[in-house]
């Protein structure tokens with residue numbers, strides 16, 4: 008997972024992020040966290056790549072936050088995901104390899120904190136921290152698959168229900184994400 012990049016898009020910037028009263032919820036930003044596998048730091052046109060065209064990622068980078076000096080603490084996918092979610096090194100969250108376990112539950116994930124702060128939380132994508140695809144703590148909406156997945160014909164877990172995917176997995180997950188984003192949200196969200 009060397010060369011991983013992450014984009015974080017914050018909409019409706021606000022100072023009331025840590026408050027718990029209902030009035031402050033309207034002022035909290037919506038968060039879209041995008042984690043890409045095996046992507047070089049300069050593999051977007053906004054990063055100066057000479058021929059790649061990434062207009063949607065460029066827009067997110069312009070309107071949100073783009074980490075220009077992001078790196079991973081391990082060269083493996085799953086331990087890196089555990090570190091992003093918990094803020095801890097692998098020796099703490101205990102995800103050491105790509106075929107193993109979820110992070111140690113004594114280290115809550117940032118979506119769990121956001122959920123407690125009143126955010127609607129969703130995970131749509133490749134979890135890849137165990138072979139199990141069931142919804143995890145901290146997420147109200149869940150779309151994922153077991154293990155590494157395949158480009159097509161995946162069995163998706165959609166909020167605890169088995170759904171067969173017949174299309175290219177990136178398109179399928181994008182469609183789920185777009186549907187989530189288009190929903191009427193009465194509180195801030197994190198996808």
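In the numbering used here, the protein residues as written are 8 to 198. Ideal placement from N, C-alpha and C gives every residue a C-beta, glycine not left out. Owing to the predicted nature of the structure, the values given are computational and were not obtained by experimental measurement.
- In the three-state DSSP reduction, residue 123 falls in the helix class (H, G or I).
- For the options 157, 196, 169 and 49, the alpha carbon positioned closest to that of residue 178 is the one of 157.
- Assignment of residue 148 by DSSP, reduced to helix, strand and coil, places it in the strand class.
- Judged by their CB atoms, residue 104 and residue 83 are nearer to each other than the 8 Å cut-off.
- Secondary-structure assignment with DSSP links residue 129 through a beta bridge to 148.
- Residue 135 counts as buried, since at least 16 other C-beta atoms from the protein chains shown sit within 10 angstroms of its C-beta.
- The Cβ neighbour count for residue 102, taken over all protein chains shown within 10 Å, is at least 16; the residue is labelled buried.
- Sorting 159, 91, 145 and 137 by C-alpha distance to the C-alpha of residue 166 places 145 at the top.
- With a threshold of 16 other beta carbon atoms within 10 Å, residue 88 meets it and is buried.
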